[in-house]
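Below: the structure, in structure tokens.
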Amino acid sequence: MDAPKDGKTGGFPVKTTQKTVMVNDHKTDILCSHFTDKLFVVVTQFNKLGNLIELKRDVVVDDAITTSRPSYSTKVLMGRDEPLMHVLAKNVMGKLDIKKPVVLALALKDESPKSVAQLSEAVKGMM
């Protein structure tokens, strides 16, 4: 199925946005599907889903300044369950203020901090 020129497909019950960006000379496809109960995000440089990681938002309250900041607990559903996957997932999704759980499919050739920061900005721009 070809996506419309604006990169958005819609209809009941899923709203989907997709785009392709270059991240450190790697073609990267990003897809965001907004389900009623979850957000499904695919970030791939291999044209495959790769690792599936679930992120759930926790709110950390700092009593000293009475503000809260989002933090995420992660669980690898499929793929490499190693600390790097958890760190990558939290950094890709960390700048977003999303209240519902996220299922992130992550398949990266370049896992450098610079690339992850660019990916985070690209995903943020799609929300």
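When the count follows the working numbering, it moves up by one through the sequence shown with no breaks and lands on 864 for the last residue.
All C-beta atoms, glycine included, are put in the ideal place defined by N, C-alpha and C.
Remember, it's a predicted structure, so these values are computed and weren't measured experimentally.
Query: If we ignore side chains and look at the alpha-carbon of each, how far apart do L843 and K836 end up?; Result: 20 Å
Query: Between V824 and D795, what straight-line distance do the alpha-carbon atoms span, to the nearest angstrom?; Result: 16 Å
Query: If the criterion is Cβ atoms closer than 8 Å, does the pair K752 and V839 meet it?; Result: no
Query: Write down the C-beta distance between N828 and S857 rounded to the nearest angstrom, noting that I regard them as a contact closer than 8 Å.; Result: 6 Å
Query: Exposed or buried, which one is T773 when buried takes at least 16 other CB atoms within 10 Å?; Result: exposed
Query: Residue range of the beta strand (DSSP E) that K851 falls in?; Result: Where K851 is concerned, there is no enclosing beta strand (DSSP E), although the alpha helix (DSSP H) it sits in stretches over 850–863.
Query: Indicate, with yes or no, if the ligand PLP has a heavy atom lying under 7 Å from the CB of T765.; Result: Ligands in the displayed structure: none, and consequently the ligand PLP is not present.
Query: Pick from I767, P750, K846: whose alpha carbon is nearest that of T757?; Result: I767
Query: Once DSSP output is grouped into helix, strand and coil, what is the label at L768?; Result: strand
Query: Grab the span of the beta strand (DSSP E) containing K827 for me, first residue to last.; Result: Looking at the DSSP string, K827 is not in any beta strand (DSSP E); the run it does join, the alpha helix (DSSP H), is 820–830.
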